[in-house]
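Residue numbers (this note's numbering): 13 to 139.
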Amino acid sequence: MSEKNNEVTPFTEIQQSETNINLAVQQAQKMTEILDSMNIEKATFKTGATFHRDPKTNVATLATDGLMVQQGEHTTTVTMRNPGSTDKQAIEELQNPKPLTQETQGSFSGKSQPWASNTLAQLGDDK
């Protein structure tokens, strides 16, 4: 989205240039906001980009060639295909998500591994 004129840059144009993660997230949030306001749960654009809001998880996913932004209630994830990787290699890797260690989850939260361990245990007790 341009700061000057508030226009939405097509999601596919972000992928075609050197990807600016901040711009990708900003555009995905704006596009999601627009599609949600129109009560659209799933859409395919002429460019090949897709949008889907999972009704079970409420996660919105925007994807185009080599770029995907997933927006949940509390986190946003940007996934890009690495330069030199094929579409087949990338899609295979997407099928095998790697769980995050408690150390990584603690760091992400600005805390420690023991904090993550205790918090995850409490979440398990709440279920």
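The beta-carbon is built from N, C-alpha and C at its ideal position, and this holds for glycine as well.
A quick note: this is a predicted structure, and the numbers were derived from the prediction, not measured.
*Take residue 50 as the anchor and find which of 65, 59, 82, 105 has the nearest alpha-carbon.*
In the sequence shown, residue 50 corresponds to position 38, counting from 1. Checking every option, the nearest Cα to that of residue 50 belongs to 65.
*Does the beta-carbon of residue 138 have 16 or more other beta-carbons within 10 angstroms, so that it is buried, or is it exposed?*
In the sequence shown, residue 138 corresponds to position 126, counting from 1. When all chains shown are included, residue 138 counts as exposed.
*Under the three-state reduction of DSSP, which class applies to residue 58: helix, strand or coil?*
Taking the first residue of the sequence shown as 1, we reach residue 58 at position 46. The answer is coil: DSSP assigns residue 58 none of H, G, I, E or B.
*Are residue 73 and residue 62 close, meaning C-beta to C-beta below 9 angstroms?*
Start at 1 with the first residue of the sequence shown, and residue 73 comes out as number 61. Start at 1 with the first residue of the sequence shown, and residue 62 comes out as number 50. If you check the CB distance, residue 73 and residue 62 come in under 9 angstroms.
*Any idea what DSSP makes of residue 141, helix, strand or coil?*
Outside the modelled stretch of the chain, which goes from 13 to 139, sits residue 141, for which no answer is possible.
*So residue 36 packs on residue 90, CB below 8 angstroms; how close in whole Å?*
Residue numbering aside, residue 36 sits at position 24 when the sequence shown is read from its first letter. Residue numbering aside, residue 90 sits at position 78 when the sequence shown is read from its first letter. At roughly 6 angstroms, the Cβ-Cβ gap stays under 8 angstroms, so residue 36 and residue 90 are in contact.
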